Amino acid sequence: MNQSALSKWLKIVIWGIALCGLLVYGWVVPMYGQSLAYENPEFSHAYMPWLIFICFTAIPCYLVLIYAWKIASEIGADNSFSKLNAKFLKNISSLAVFNSTFFFLGNIVFLLLEINHPGIVLLSLIVVFIGIAIAVASAALSHLVMKAAILQDESDLTI
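Note that full-length UniProt numbering has the sequence shown beginning at 1, numbered continuously upward.
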């Protein structure tokens, strides 16, 4: 597969993830929250704070998709191993750490405000772990891409 085809496939996948995110954040989460509030009226006061909190977690996710799109564009331009891509991957890592921390602290705050359950906090650790795993993988890829970019620059200078 050449660089251009790979770039196109990556962009298709990014669009698919963005649309799935819109479906989850725009329809599934509000509908599920409404059904929980309807079936358990004692939780109805927590619906809006949780909805706003969950929607705020979408912002870093979509910023990551923007950086992924930029990386795919660089791959399409046959510039896979560049310092710019290393920077984009580092930004993705930072956003993943921020979102994981925000999600965890938000769950703790909601627990202290008594609009969360300890079981939900424990389950949220899975999401936090996935976010940290993405951050570590992105940081490692950033390091490797930076090393490859430096080697490529040195190679270009010797020819």
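We treat Cβ as the ideally placed atom computed from N, Cα and C, and that holds for glycine. In this text, all values refer to a predicted model and were calculated from it rather than measured experimentally.
Hey, residue i and residue j: beta-carbon distance below 8 Å or not?
i, j, result
"residue 176", "Phe104", "Residue 176 is absent from the structure shown; the chain starts at 1 and stops at 159."
"Phe81", "Ala137", "no"
"Asn107", "Ile126", "no"
"Thr57", "Phe102", "yes"
"Ile75", "Leu151", "no"
Applying the 10 Å Cβ sphere with the 16-neighbour rule, what's the burial state of residue i?
i, result
"Ile131", "The sequence given here has Gly at residue 131, not Ile. Buried: at least 16 other Cβ atoms inside 10 Å."
"Val13", "exposed"
"residue 171", "One cannot answer for residue 171 here, as it falls past the ends of the chain, which runs 1 to 159."
"Leu84", "exposed"
Where does the unbroken alpha helix (DSSP H) through residue i begin, and where does it stop?
i, result
"Tyr67", "Tyr47 to Gly76"
"Met31", "Val29 to Glu39"
"His143", "Pro118 to Thr158"
"Gly21", "Gln3 to Leu23"
"Leu111", "Lys83 to Leu112"
Report back the beta-carbon spacing between residue i and residue j to the nearest angstrom; my notes put them in contact at under 8 Å.
i, j, result
"Ile54", "Val29", "5 Å"
Inter-stretch contact at 8 Å, needing at least 3 Cβ pairs: the segment 83–93 / the segment 60–71: Yes: the two stretches touch, three or more of their Cβ pairs being nearer than 8 Å.
The segment 45–61 / the segment 108–116 touching (three or more Cβ pairs under 8 Å): In short, these stretches touch, since the Cβ pair count reaches three.
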